[in-house]
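*Asks:*
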Amino acid sequence: MAQNNFEIITNNPLVLGKLRETHYVVYHDISYEEILKEVRDRIHEGHRLLSHPLSGSVKPKETPYKSIIITTGKGMEPDIESLELIENAIEACGKFAFKADLYGAGVYKDFQLIDWTLLKSALESAEI
Amino acid sequence: MKLEMGYIHIKDIRFSEESRIQDGILYVSEKAVRETALEDEKLKSVSFDIARPGASVRITPVKDVIEPRVKVEGRGGIFPGIISKTDTVGEGKTYALKGMAVVTAGKIVGFQEGVIDMTGPGAEYTPFSKTLNLVMVCGAQEGIEPHEYEKAVRLAGFRVAVYIGELARTLTPDETTVYETYGLKEGIEKYPELPRVAYVQMLQSQGLLHDTYVYGVDAKRIVPTILSPTEIMDGAIVSGNCVSACDKNPTYVHLNNPVVHDLFEQHGKTLNFVCQIITNENVYLADKQRSSDWTAKLCRMLDLDGVIVSQEGFGNPDTDLIMNCKKIEAEGIKTVIITDEYAGRDGKSQSLADADTAADAVITGGNANQVVILPKLDKVIGTLDYITKIAGASEQTLHEDGSLEVELQVITGATNETGFNKLSAR
Amino acid sequence: MHICTVTPISMTVGANRIVPAIAIPHPLGNPALKKDEEKALRRKIVMKALEALTTEVDGQTIFED
Amino acid sequence: MAKIKVVHYINQFFAQIGGEEKADYPAELRVGETVGPGLAFAANFKDEAEIIATIVCGDSYFNENLEKAKADILAMVKEQKPDVFIAGPAFNAGRYGVACGTIAAAVQEELGIPAVTGMYVENPGADMFKNHVYMIATKNNAAGMRGAVAKMAPLALKLGKGEPVGASAEEGYMPNGIRVNFFEKKRGSARAVDMLLKKLAGKPFETEYPMPNFDRVAPNPAVKDLAHAKIALVTSGGIVPKGNPDHIESSSASHYGEYDITGVTDLTEDTYETAHGGYDPVYANQDADRVLPIDVLRDMEKEGVIGELHHLFYTTVGNGTAVASAKAFAAEIGRKLKADGVDAVILTST
Chain A
0 MAQNNFEIIT NNPLVLGKLR ETHYVVYHDI SYEEILKEVR DRIHEGHRLL
50 SHPLSGSVKP KETPYKSIII TTGKGMEPDI ESLELIENAI EACGKFAFKA
100 DLYGAGVYKD FQLIDWTLLK SALESAEI
Chain B
0 MKLEMGYIHI KDIRFSEESR IQDGILYVSE KAVRETALED EKLKSVSFDI
50 ARPGASVRIT PVKDVIEPRV KVEGRGGIFP GIISKTDTVG EGKTYALKGM
100 AVVTAGKIVG FQEGVIDMTG PGAEYTPFSK TLNLVMVCGA QEGIEPHEYE
150 KAVRLAGFRV AVYIGELART LTPDETTVYE TYGLKEGIEK YPELPRVAYV
200 QMLQSQGLLH DTYVYGVDAK RIVPTILSPT EIMDGAIVSG NCVSACDKNP
250 TYVHLNNPVV HDLFEQHGKT LNFVCQIITN ENVYLADKQR SSDWTAKLCR
300 MLDLDGVIVS QEGFGNPDTD LIMNCKKIEA EGIKTVIITD EYAGRDGKSQ
350 SLADADTAAD AVITGGNANQ VVILPKLDKV IGTLDYITKI AGASEQTLHE
400 DGSLEVELQV ITGATNETGF NKLSAR
Chain C
0 MHICTVTPIS MTVGANRIVP AIAIPHPLGN PALKKDEEKA LRRKIVMKAL
50 EALTTEVDGQ TIFED
Chain D
0 MAKIKVVHYI NQFFAQIGGE EKADYPAELR VGETVGPGLA FAANFKDEAE
50 IIATIVCGDS YFNENLEKAK ADILAMVKEQ KPDVFIAGPA FNAGRYGVAC
100 GTIAAAVQEE LGIPAVTGMY VENPGADMFK NHVYMIATKN NAAGMRGAVA
150 KMAPLALKLG KGEPVGASAE EGYMPNGIRV NFFEKKRGSA RAVDMLLKKL
200 AGKPFETEYP MPNFDRVAPN PAVKDLAHAK IALVTSGGIV PKGNPDHIES
250 SSASHYGEYD ITGVTDLTED TYETAHGGYD PVYANQDADR VLPIDVLRDM
300 EKEGVIGELH HLFYTTVGNG TAVASAKAFA AEIGRKLKAD GVDAVILTST
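This is the structure:
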């Protein structure tokens with residue numbers, strides 16, 4: 000898939016820094032859960048999910064960062080599978096205690112790095 | 000393929016001038032294992048310690064757990080494509096040191112989890128409280144990147160395990176078991192009446208601290224394929240992941256995969272164990288689609304009657320699990336899936352992030368959100384510095400009396416999704 | 000009963016009597032038509048809905064034309 | 000250690016007062032008495048607990064005088080200050096099961112006294128109350144008394160002592176939606192092999208995690224007499240009176256609107272609009288009948304095709320609204336529609 004066919008919704012500054020020159024990156028300085036909700040709203044507009052919203056094993060609310068790939072193009076109607084995935088992901092957030100603000104500065108860099116490697120693994124598939 | 004496994008029971012581990020195994024006691028030369036570990040320039044330091052079952056010892060943050068083995072007959076060597084050269088394994092004769100493990104620990108990222116308690120309530124949940132553990136805490140050179148560090152620790156653990164396994168090469172095993180699977184036609188002729196069953200193993204494959212390797216190949220890059228179930232006993236699959244410690248498969252679990260062993264238990268009696276199918280758990284949705292399509296296709300082409308599917312990790316693998324289950328069931332093949340649950344601390348939330356009515360036969364490894372209080376133990380191997388940062392731990396984690404309030408999530412292997420433990424939930 | 004453009008969504012959410020609509024922004028209308036034609040079209044869909052309500056179903060059913 | 004104090008609830012039949020003809024027997028407190036199945040409980044408790052009082056109530060009396068019976072019995076239980084309350088077991092007796100579930104749940108919720116009951120899984124009281132109170136699954140008739148008591152008594156002791164309760168599979172209560180960990184006898188992989196062998200042989204097996212139910216509801220019967228039916232309109236298309244007086248959000252709605260359309264025969268550009276932000280609002284703003292077909296339903300009302308168009312309609316915005324909120328709206332709207340005697344609802348979505 001060509002790079003102009005998808006966009007990345009993220010709150011991870013590392014992703015913005017790495018990809019802003021080469022990819023369509025939509026960066027918001029919002030929470031993990033708000034990123035999921037932002038993506039949900041885009042799905043309601045007709046965009047489709049290309050990467051899984053619960054990528055990685057670091058739990059929601061533990062890591063503050065999340066990057067998700069969606070299609071740039073919009074369908075006429077919302078994609079049901081995307082809708083189910085994102086709704087389930089948002090629901091899953093409710094199961095975890097919020098502790099994304101407990102860490103020292105160095106740890107945030109690690110969280111950014113992990114989110115970036117998860118995204119990178121999806122990009123490698125997206126760009127074939 | 001036929002593999003004879005020889006088991007050598009280890010009763011104790013002691014440091015000594017010279018490494019050897021004598022009368023069931025493993026003597027380890029600290030100098031020799033240190034040199035083996037530090038062959039990699041990226042590692043600056045390593046310290047060794049011994050943790051025995053029942054001792055007041057906590058090991059954290061755990062990266063991997065490895066059982067030492069040695070290949071004494073047949074092609075290839077332990078950990079092919081990684082430590083030994085690439086060659087198909089799973090045939091001939093292999094010895095394993097039972098009752099012990101090499102445990103790697105060390106901080107790679109600042110929120111790392113993985114706790115093994117050798118005594119107390121935590122010990123009931125981790126399978127590695129029952130093994131004699133040779134623990135190696137690895138420190139990295141200044142300035143190296145986390146992914147280089149991860150790889151260095153991963154490989155150092157394998158080298159040390161192989162070094163120790165070699166000590167058993169000339170011993171006589173205490174116990175021997177033969178595992179044998181057959182070619183398609185051969186199997187049908189041998190067991191015409193028995194249902195044809197395979198094991199579908201899903202491998203975590205998503206990025207740093209989330210990877211698994213098959214003969215040295217990053218599992219993200221595989222399409223679903225077939226293994227002889229004996230291959231894993233020689234280390235065909237190894238772990239590169241430790242985030243979400245409770246439901247990740249350390250290398251020890253791959254070597255001793257319980258589904259493989261329990262299917263072999265019934266092989267030729269109530270079922271015909273045809274093969275192991277491995278697939279991955281990628282982030283990209285089209286990959287999930289392709290991998291589950293292929294898995295179902297392989298099951299169909301092998302004319303299977305039943306499969307057991309195991310999962311690894313939290314969240315998005317629920318989607319892979321349900322896709323696999325749905326598609327395999329749609330081929331008319333009876334499917335049982337093994338998972339674990341995140342039902343919230345109160346047990347009231349939806350356990351999985353995906354669901355389908357086709358998944359009507361589920362084995363669960365328990366609710367990973369369950370809270371457990373770990374009392375203060377006398378000795379910590381590794382560091383507690385990160386315990387308040389690890390998954391499931393919260394700011395109230397460290398009580399004044401030194402006890403820790405954590406969710407099962409942080410305990411290595413607690414809710415394993417290959418069915419390694421007895422823990423369950425209803 | 001549910002009048003809905005994207006009937007698969009209606010199936011997913013579990014409606015039992017489903018009548019397909021025209022389009023997302025105007026489920027019961029078509030701005031391209033003349034006013035009376037459009038109302039006739041709307042009446043047809045509502046009639047279909049009423050027909051669905053008076054029909055026994057034993058599971059999720061889409062009432063197509 | 001002091002004995003655990005138990006109050007036991009049974010019906011007129013198990014109190015040996017009589018059958019159906021005595022089902023109108025009002026609630027009665029018998030202090031210091033152990034009656035009927037209470038004897039089996041007492042035997043099972045040994046020295047650990049004693050039944051300090053038995054409450055007897057006729058099944059018809061309970062169900063026909065629900066509020067009074069509940070209040071009277073709660074007062075009796077409160078006065079006795081037991082450590083635990085036991086109701087039944089009711090087996091497959093429907094009204095008895097509902098009474099046991101109702102009163103056990105009420106004792107627990109209103110008095111804060113732990114309670115346990117027991118009945119057959121198909122007893123209507125089971126579905127109604129199994130998520131509110133620990134409910135032991137029993138056989139469908141009193142031949143299962145011994146088995147029922149063998150599970151209810153130890154659970155009552157645990158509850159009375161405030162000890163942790165194990166998983167449903169261990170204790171024998173019906174799954175109540177709360178997942179509880181416990182250790183099985185075999186490891187997971189061996190259980191998986193056992194389950195697969197059963198599934199392959201077509202034998203019954205029990206999944207350890209039943210898939211959540213997908214919110215399917217059985218279809219309601221068809222409307223018999225459309226010409227006399229009251230029809231209501233509900234929409235997720237966000238149609239609101241011009242100016243959106245209740246400020247329904249254009250996405251992720253936090254509430255819904257209820258509007259009176261008495262006398263309204265047509266929605267026009269000047270009177271109604273959409274609050275929805277998820278689709279192009281031009282067409283709905285021009286003519287909201289395109290989403291909420293009030294004009295044609297008024298015509299049909301006049302022609303006698305339908306009996307009546309309900310004078311209220313309900314509206315919210317589906318766009319990005321959380322499923323949980325939508326469910327809550329639906330429950331409330333459904334209650335109101337039912338109370339207003341609406342026979343059928345047409346729900347329109349964009």
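Chains as they are written, first to last, in numbering that gives the first Met the number 0: chain A, 0 to 127; chain B, 0 to 425; chain C, 0 to 64; chain D, 0 to 349. All C-beta atoms in this analysis are idealised placements derived from N, C-alpha and C, irrespective of residue type, glycine included. Note that this is a predicted model, so its numbers are computed, not measured.
1) For chain C, find out if any of its Cβ atoms is closer than 9 angstroms to the Cβ of I79 of chain A; answer yes or no.
2) When you compare the CB positions of G164 of chain B and A95 of chain B, do they come within less than 9 angstroms of one another, or not?
3) Kindly indicate which three-state DSSP category V266 of chain B falls into: helix, strand or coil?
4) Could you tell me which of D:P123, D:I51, D:F44 sits nearest to T33 of chain D, measuring between CA atoms?
5) Considering Cα atoms alone, identify which of B:R168, B:G89, B:K184, B:D210 is closest to K62 of chain B.
6) What's the gap between the Cα of A330 of chain D and the Cα of C99 of chain D?
7) Just how far apart, CA to CA, sit M117 of chain B and S54 of chain A?
8) Contact defined as beta carbons within less than 8 angstroms: I believe G96 of chain D pairs with A114 of chain D. What is the distance between those atoms, to the nearest angstrom?
9) Report the rounded CA-to-CA distance for E20 of chain D versus P88 of chain D, giving the unit in angstroms.
10) Compare the C-beta of Y102 of chain A against all C-beta atoms of chain B and say whether one is closer than 9 angstroms.
11) How should L65 of chain D be labelled, buried or exposed, when 16 other C-beta atoms within 10 angstroms of its C-beta is the threshold for buried?
12) Checking 9 angstroms against the spacing of the C-beta atoms, do E230 of chain B and T87 of chain B come in under that value?
13) At 7 angstroms on the CB atoms, spell out the chain D contacts of H27 of chain A, in chain order.
14) I believe A167 of chain B touches I276 of chain B by the beta-carbon criterion, under 8 angstroms. Please report the beta-carbon distance rounded to the nearest angstrom.
15) With H, G and I counted as helix, E and B as strand and the rest as coil, what does DSSP make of I380 of chain B?
16) Report back the beta-carbon spacing between L73 of chain D and L38 of chain D to the nearest angstrom; my notes put them in contact at under 8 angstroms.
17) What is the DSSP secondary structure of N284 of chain D, counted as helix, strand or coil?
18) Just the C-alpha distance for E307 of chain D and K229 of chain D, rounded to the nearest angstrom, thanks.
19) Would you kindly check if the distance between the Cβ of E32 of chain A and the Cβ of K58 of chain A is under 9 angstroms?
20) Given a cut-off of 9 angstroms, decide if V114 of chain B and T125 of chain B are closer than it, judged by their beta-carbon atoms.
21) Label R190 of chain D either buried or exposed according to how many other C-beta atoms from any shown protein chain fall within 10 Å of its C-beta, with 16 as the threshold for buried.
22) By Cβ distance below 7 angstroms, which residues in the same chain neighbour E248 of chain D in space, the five residues on each side in sequence not counted?
23) Just reading off the alpha helix (DSSP H) that E165 of chain B is part of, what are its end residues?
24) Closest by CA to E72 of chain B, which one among B:E340, B:M4, B:S423?
25) My output table needs one value for E272 of chain D: the three-state DSSP class, helix, strand or coil.
26) Quick one: complete beta strand (DSSP E) runs, 3+ long, within the segment 297-335 of chain B?
27) Quick check: the segment 114-121 of chain A against the segment 14-28 of chain B, are there 3 or more CB pairs under 8 angstroms?
28) Okay, do the segment 258-268 of chain B and the segment 239-247 of chain B touch, 3+ Cβ pairs below 8 angstroms being the bar?
29) Classify M46 of chain C as helix, strand or coil using the three-state DSSP reduction.
30) Take S55 of chain B and list the residues in its own chain whose beta-carbon comes closer than 6 angstroms to its own, dropping the five residues that flank it on each side.
31) Output, in sequence order along the chain, the residues in the segment 271-282 of chain D whose CB is closer than 8 angstroms to any CB in chain A.
32) Is there a Cβ of chain A sitting closer than 9 angstroms to that of P7 of chain C, yes or no?
33) If you draw a straight line from the alpha carbon of H43 of chain A to that of T21 of chain A, how long is it in whole angstroms?
34) Does DSSP put I85 of chain A in a helix, in a strand, or in coil?
35) Give me the subset of the segment 217-235 of chain D whose CB atoms are less than 8 angstroms from a CB atom of chain A, sorted by chain position.
36) What is the rounded straight-line gap between the Cα of E63 of chain D and the Cα of Q11 of chain D?
*Replies:* Looking at the atomic coordinates:
1) yes
2) Yes.
3) Val is not the amino acid found at residue 266 of chain B; the sequence shown has His there. Shown here, H266 of chain B sits in a strand according to DSSP, grouped into three states.
4) D:I51
5) B:D210
6) 26 angstroms
7) 32 angstroms
8) Their Cβ separation, rounded to whole angstroms, is 14 angstroms, which puts G96 of chain D and A114 of chain D out of contact at 8 angstroms.
9) One alpha carbon belongs to E20 of chain D, the other to P88 of chain D, and they sit about 21 angstroms apart.
10) yes
11) exposed
12) yes
13) Ordered by position in chain D, no residue passes the 7 angstroms Cβ test against H27 of chain A, which lies about 15 angstroms from the chain.
14) At roughly 31 angstroms, the Cβ-Cβ gap does not stay under 8 angstroms, so A167 of chain B and I276 of chain B are not in contact.
15) strand
16) Rounded, the Cβ-Cβ distance is 25 angstroms, inconsistent with contact.
17) Looking at N284 of chain D - three-state DSSP - the assignment turns out to be helix.
18) 5 angstroms
19) no
20) yes
21) Result: buried.
22) V316
23) Taken as a continuous stretch (DSSP letters only), the alpha helix (DSSP H) holding E165 of chain B covers 145-165.
24) B:M4
25) strand
26) 305-309
27) no
28) no
29) helix
30) T118, L376, D377, listed in sequence order.
31) G277
32) yes
33) H43 of chain A and T21 of chain A: Cα-Cα distance of roughly 27 angstroms.
34) I85 of chain A falls in the helix class under three-state DSSP.
35) So nothing in the stretch comes that close.
36) E63 of chain D and Q11 of chain D: Cα-Cα distance of roughly 15 angstroms.
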